[in-house]
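Before any comments, here is the structure.
In the working numbering, the protein residues as written are 2 to 383.
Put into structure tokens, the structure is as follows:
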């Protein structure tokens with residue numbers, strides 16, 4: 002006689018439900034999330050997945066929701082109420098945006114020590130001192146978004162909350178840091194590529210990642226990690242005067258951070274990046290599925306794609322091997338480096354944006370300005 006199936010606990014049930022959306026929303030801390038998130042939280046995430054929200058947006062929402070729930074439990078002893086009262090929003094601002102000098106004379110100013118220790122013990126709080134205003138604003142914005150998806154109106158736009166944020170930001174002057182301290186321009190890229198000199202799987206893969214990420218317009222690490230063979234189509238070779246034609250390849254990006262799944266954003270690779278990509282796929286015998294895959298300790302190739310964070314780790318490892326300061330470079334340096342290099346080579350901004358797929362001229366032009374201002378005429382008027 003078969004034994005009756007043991008009923009699942011609430012945490013186990015949430016863990017299983019999180020598994021059902023893992024294909025769209027990669028979750029590494031499933032069991033921890035199942036304990037922190039409520040049934041309604043998980044249902045909201047499932048609903049957002051069914052609505053076709055972008056993967057990166059879903060990851061950000063999940064990360065911020067997890068932090069908010071953990072903070073709420075640590076600060077009040079209860080899960081977040083929906084909608085959150087204005088007093089709780091003001092408490093959140095007070096706990097995260099505070100004046101370090103005021104803290105020296107008033108230990109109760111800012112985030113209480115027990116709340117801070119609780120969040121640090123869970124690995125959710127890593128920064129020292131007040132949070133960056135942009136981080137607080139993003140979490141409040143995502144909190145507001147989740148509130149609306151639950152069918153509630155929040156107090157996020159109330160005058161007191163706006164005033165609290167404005168005053169707190171003034172009290173915590175903090176320059177916004179760049180995602181990558183230095184851009185991976187052409188000269189830096191050449192040094193990184195020089196460390197991929199052998200025909201080993203790891204060198205072939207990393208060389209292809211570096212060249213494809215840069216040449217395709219400085220693709221985001223999530224786009225590189227998630228690249229699939231089915232997204233690529235071979236294009237007619239590009240004729241070159243007095244030389245052999247250059248191989249050409251189109252990458253269909255599909256849904257990205259700034260586009261929807263209905264748009265077919267396409268970027269093109271020509272010449273060396275195509276050759277590097279082909280060499281990797283031939284060596285790894287990849288004819289379908291994920292293009293860039295994990296490589297085990299003993300050089301064994303995995304069937305799963307690399308994690309987006311691994312792209313960052315590869316940049317830093319290659320920078321260190323090249324004798325550079327790995328702390329100054331990250332995956333975003335390839336994105337900023339592409340536009341910076343385009344400016345150095347006098348490639349028109351709009352032409353570069355066609356490849357980078359930037360939607361904002363203002364944002365893209367920042368890289369151009371940074372590259373050209375030191376030698377520009379405006380700096381040499383005297």
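We put the CB at the ideal spot given by N, CA and C, even for glycine.
- For the beta strand (DSSP E) assignment, the uninterrupted runs of no fewer than 3 residues enclosed by the stretch 270–321 are, from N- to C-terminal side, 294–296, 302–306.
- Only residues of its own chain outside the window of five on either side were considered, and among them 155, 157 have a CB closer than 7 Å to the CB of residue 145, listed in chain order.
- The Cβ-Cβ distance between residue 69 and residue 121 does not fall below 8 Å.
- Assignment of residue 84 by DSSP, reduced to helix, strand and coil, places it in the coil class.
- For residue 213, the closest alpha carbon among the candidates 238, 270, 239 is that of 270.
- The Cβ atoms of residue 183 and residue 334 lie closer than 8 Å to each other.
- By DSSP's assignment, residue 268 forms a beta bridge with 252.
- Counting along the chain, residue 237 sits inside the beta strand (DSSP E) bounded by residues 233–241.
- Distance from the Cα of residue 96 is smallest, within the candidate group 64, 62, 165, for 165.
- Distances from the alpha-carbon of residue 78 to those of 37, 224, 359, 49 put 37 closest.
- Under the 10 Å beta carbon count, residue 194 is surrounded by 16 or more other beta carbons and is classified as buried.
- Between residue 226 and residue 308, the C-beta gap is smaller than 8 Å, which places the two residues in contact.
- Setting aside the 5 residues that flank it on each side, residue 365 is surrounded in the same chain by 340, 350, 353, 354, 357, 359, each with a C-beta closer than 8 Å to its C-beta; the list follows chain order.
- Inside the stretch 112–187, DSSP marks no whole beta strand (DSSP E) run of 3 or more residues.
- Here DSSP, grouped into helix, strand and coil, assigns residue 61 to helix.
- Counting the other CB atoms within 10 Å of its CB gives residue 299 a total below 16, which places it among the exposed residues.
- Counting the other CB atoms within 10 Å of its CB gives residue 168 a total below 16, which places it among the exposed residues.
- Selection 233, 240, 320, 152 evaluated against residue 186 yields 320 as nearest (Cα-Cα).
- Taking the Cα positions, residue 306 is about 6 Å away from residue 295.
- Rounded to whole angstroms, the separation of the alpha carbons of residue 280 and residue 43 is 43 Å.
- The Cβ-Cβ distance between residue 228 and residue 239 does not fall below 8 Å.
- Here DSSP, grouped into helix, strand and coil, assigns residue 246 to strand.
- Here residue 229 is bridged, per DSSP, to 291.
- Taking every protein chain shown into account, the CB of residue 219 has 16 or more other CB atoms within 10 angstroms, so this residue is buried.
- The straight-line gap separating the alpha-carbon atoms of residue 105 and residue 202 is approximately 54 Å.
- Judged by beta-carbon spacing, residue 254 lies beyond the 8 Å limit of residue 275, meaning their Cβ atoms are not closer than that value.
- Spatial neighbours of residue 242 in its own chain (CB-CB distance under 6 Å, excluding positions within 5 residues in sequence) are not present.
- Taking a C-beta distance under 8 Å as the contact criterion, residue 223 and residue 237 do not qualify as a contact pair.
- Straight-line spacing of the CA atoms in residue 318 and residue 327 works out to 7 Å.
- When the beta-carbon positions are compared, residue 206 and residue 293 come within less than 8 Å of each other.
- With fewer than 16 neighbouring CB atoms inside 10 Å of its own CB, residue 124 falls in the exposed class.
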